[in-house]
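Visitor: Residue numbers 878 to 1073, in this note's numbering, belong to the letters of the sequence shown in order.
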Amino acid sequence: MASDMENEEEIKEQPEVATPQWYILKVQVNREDRVKRELDRRVKLAGLTETVKETLVPVERVVEIKNGRKRETKRKRYPGYIMVNMILSDEAWFLLRETPGVGEFIGTFGKPLPMTQKDVELMLQSDVEASVEKPRLEIPYRVGDRVKIKEGTFEDVEGVVAEIDELTGNVKVNIVFFNQDTPVELEYWQVEKVEA
878 MASDMENEEE IKEQPEVATP QWYILKVQVN REDRVKRELD RRVKLAGLTE
928 TVKETLVPVE RVVEIKNGRK RETKRKRYPG YIMVNMILSD EAWFLLRETP
978 GVGEFIGTFG KPLPMTQKDV ELMLQSDVEA SVEKPRLEIP YRVGDRVKIK
1028 EGTFEDVEGV VAEIDELTGN VKVNIVFFNQ DTPVELEYWQ VEKVEA
């Protein structure tokens, strides 16, 4: 019986091992990458790499058309925020909060709240998919929008978007041709939205 009590006391005396959790850190918009680099540098200099495990600026790959040219870009999924995987300690919290460009942790009453496991899985899964999958197309109009065809047989003809296939980038536009509604299939970059 005494040995059981001794075992219980030994278990109680062993320090609890804290596990890192993901937190959301508000930073200056359009400076997320710079702030992340500065955070990483400061963490390394302070010897807190065991406490602050990872900093992340989630991005997604997007295909855009600018000036008739198709280009792939990376876009921040959460502008103005950085995700930090860390063991919350006073030293780490102070170091991060005192980094130039950092606002505050997302939480209540000044206390950082960790992200839910579901949100973490969604963020990490999306980040892995963004680096592996085809980039998402940035199509600047929706079904029902009035558009003008920019090139091809029906150049300068206006119509209404009937369908958008975001996987292939094809758009079906209904135009009036010989007094009849006629569907025309085009690539999304061949049409532009007509402002009302």
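Think of the CB as a built atom: it goes at the ideal place given N, C-alpha and C, for glycine as much as any other residue.
No experiment lies behind these values; they were computed from the predicted model shown.
Once DSSP output is grouped into helix, strand and coil, what is the label at arginine 1023?
Guide: If DSSP states are grouped into helix, strand and coil, arginine 1023 belongs with the strands.
Visitor: Helix, strand or coil: which one does DSSP assign to aspartate 1033?
Guide: Of the three classes helix, strand and coil, the one that applies to aspartate 1033 here is coil, per DSSP.
Visitor: In the structure shown, what three-state DSSP assignment does isoleucine 959 receive?
Guide: Correct three-state label for isoleucine 959: strand.
Visitor: Which same chain residues, not among the five before or five after aspartate 1058, have their C-beta less than 8 Å away from its C-beta?
Guide: Here the set comprises Asn1051 and Ile1052.
Visitor: Under the DSSP definition of a beta bridge, which residues are partnered with tryptophan 1066?
Guide: Note: tryptophan 1066 sits in no beta bridge, so no partner.
Visitor: Could you check what DSSP says for phenylalanine 1055 in three-state terms: helix, strand or coil?
Guide: In the structure shown, phenylalanine 1055 sits in coil (DSSP, three-state: anything other than H, G, I, E or B).
Visitor: Which same chain residues, not among the five before or five after glutamate 1069, have their C-beta less than 7 Å away from its C-beta?
Guide: If we look at glutamate 1069 and ignore the five residues flanking it on each side, its Cβ neighbours are Val1024, Lys1025 and Lys1027.
Visitor: With DSSP as the reference, label arginine 974 as helix, strand or coil.
Guide: DSSP places arginine 974 in helix when its eight states are reduced to three.
Visitor: By the three-class DSSP mapping on this structure, what secondary structure does alanine 1039 have?
Guide: In this structure, alanine 1039 counts as strand in the three-state DSSP scheme.
Visitor: Which same chain residues, not among the five before or five after proline 977, have their C-beta less than 7 Å away from its C-beta?
Guide: Result list for proline 977: Glu915, in chain order.
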